[in-house]
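Please read the structure below before turning to the comments.
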Amino acid sequence: MIEDGIDIPDFDTITGNWLCLDFTHTLGGRYDAQPQELLNSYSDLIAWGLFEHLLAHEEAQRLLHEAAQHPEEASAVFERAIRLREAIYRVFYAISEDSSPGQSDLTILNDILAHALSHACIVPEEKGFVWDWTMKEQSLDYLLWVVVRSAADLLTSERLRDVRACSAEDCRWLFLDTSKNHSRRWCDMQTCGNQAKARRHYSRKKEAVSKR
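Going by my numbering, the letters in the sequence shown line up with residues 817 to 1028, in that order.
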């Protein structure tokens, strides 16, 4: 899909209910022989920012223009984005399995977080104050600041205990379980959930036939 001259890949609309978890969904079929990578360039990263409503079109165009002027820096930011995404996945997957995240992954998060927080500021609003960022219009790694802040917020939140990985072995997407009894198993019942039900039905049917 193309919006205002920006090619937006077919990002999945299945939400993880927390921004940093949604970011990990930009790699589909993570455990397949051929995973589906949706972030293949800096422009794809910007497109994801548009998709998630983290950027206005004018901001996206400015960042793409800045990237065209500084291609090596844009490439380095893109590589950091992928490292951040994978570190986030491993950290929260470990937590979903009641395991301890690897120190190397926490180091990646902390390094990017330290840089992000150097641009954090508090600005007044009509009814109080909100977090904002300085120099976001010309900083190619602005989206990384937002994502790593989301990860830090979740890691220090009571909601951390609700992080789950989809029970489908060929999926394992991360999500925040917001169900009333905290028993959600699938990233999406219409896809992974129904596929699992179909496999169980087929297995029972096959077993019944073999016993005749």
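All residues carry an ideal CB built from backbone N, CA and C; glycine is no exception.
Indicate the three-state DSSP secondary structure (helix, strand or coil) for residue 827 in the structure shown.
Residue mapping note: residue 827 aligns to position 11 of the sequence shown, counting from 1. The answer is coil: DSSP assigns residue 827 none of H, G, I, E or B.
Scan the stretch 901-944 and note each continuous alpha helix (DSSP H) run of 4 residues or more that stays entirely inside, going in chain order.
Within the stretch 901-944, the complete alpha helix (DSSP H) runs of at least 4 residues are 919-933.
In this structure, what does DSSP give as the bridge partners for residue 979?
Stepping through the sequence shown from its first residue, residue 979 is reached at position 163. Partner(s): 992.
Going by the CB atoms, is the gap between residue 836 and residue 970 shorter than 8 Å?
Your numbering for residue 970 matches position 154 in the sequence shown. Your numbering for residue 836 matches position 20 in the sequence shown. Going by C-beta atoms, residue 970 is nearer than 8 Å to residue 836.
Under 8 Å: do the stretch 903-920 and the stretch 973-991 share three or more Cβ pairs, one atom per stretch?
Because the criterion of three Cβ pairs below 8 Å is met, the stretch 903-920 and the stretch 973-991 touch.
Do residue 966 and residue 834 have their beta-carbon atoms positioned less than 8 Å apart in this structure?
Sequence index remark: in the sequence shown, residue 834 carries index 18 (1-based). Sequence index remark: in the sequence shown, residue 966 carries index 150 (1-based). Yes, the pair counts as a contact, with Cβ atoms nearer than the cut-off.
Quick one: grab the DSSP three-state call for residue 1016.
Here residue 1016 is taken as the residue at index 200 of the sequence shown, counted from 1. Below a pLDDT of 50, predicted positions are generally treated as unreliable, and residue 1016, at 41, falls in that range; no measurement from the model is reported.
Only counting the same chain, and skipping five residues up and downstream in sequence, which positions put a Cβ closer than 7 Å to that of residue 954?
If you number the sequence shown from 1, residue 954 lands on position 138. Cβ neighbours of residue 954 beyond the five flanking positions: 882.
Give the single residue among 869, 977, 896, 984 whose Cα lies nearest to the Cα of residue 848.
Taking the first residue of the sequence shown as position 1, residue 848 is located at position 32. Nearest of 869, 977, 896, 984 to residue 848, Cα basis: 984.
Are residue 924 and residue 900 touching if we call contact CB-CB under 8 Å?
Mapped onto the sequence shown, residue 924 falls at position 108. Mapped onto the sequence shown, residue 900 falls at position 84. Yes.
Taking DSSP as the reference, what is the three-state secondary structure of residue 949?
In the sequence shown, the residue the question calls residue 949 occupies position 133. Note: residue 949 maps to strand in three-state DSSP.
Please determine, among 914, 859, 895, 827, the residue with the shortest C-alpha to C-alpha distance to residue 977.
Stepping through the sequence shown from its first residue, residue 977 is reached at position 161. Nearest of 914, 859, 895, 827 to residue 977, Cα basis: 914.
Residue 873 lies in the alpha helix (DSSP H); which residues open and close that run?
Numbered from its first residue, the sequence shown carries residue 873 at position 57. 873-885 is the extent of the alpha helix (DSSP H) around residue 873.
Cα separation between residue 851 and residue 974?
Working through the sequence shown from its first residue, we reach residue 851 at position 35. Working through the sequence shown from its first residue, we reach residue 974 at position 158. Cα to Cα, residue 851 sits roughly 32 Å from residue 974.
Rounding to the nearest angstrom, what Cα-Cα distance links residue 999 and residue 993 in this structure?
Here residue 999 is taken as the residue at index 183 of the sequence shown, counted from 1. Here residue 993 is taken as the residue at index 177 of the sequence shown, counted from 1. Cα-Cα distance, rounded: 8 Å.
If you compare alpha carbons, which of 968, 980, 945, 933 is closest to residue 952?
For the purposes of this step, residue 952 is taken as the residue at position 136 of the sequence shown. When each option's Cα is compared against that of residue 952, the closest is 933.
Could you give the first and the last residue of the continuous alpha helix (DSSP H) run that contains residue 858?
Against the sequence shown, residue 858 aligns to sequence position 42. Looking at the DSSP string, the run of the alpha helix (DSSP H) that includes residue 858 is 858-867.
Going straight from the alpha carbon of residue 854 to that of residue 937, what length do you get?
For the purposes of this step, residue 854 is identified with residue 38 of the sequence shown, where counting begins at 1. For the purposes of this step, residue 937 is identified with residue 121 of the sequence shown, where counting begins at 1. Near 31 Å, if we compare the C-alpha coordinates of residue 937 and residue 854.
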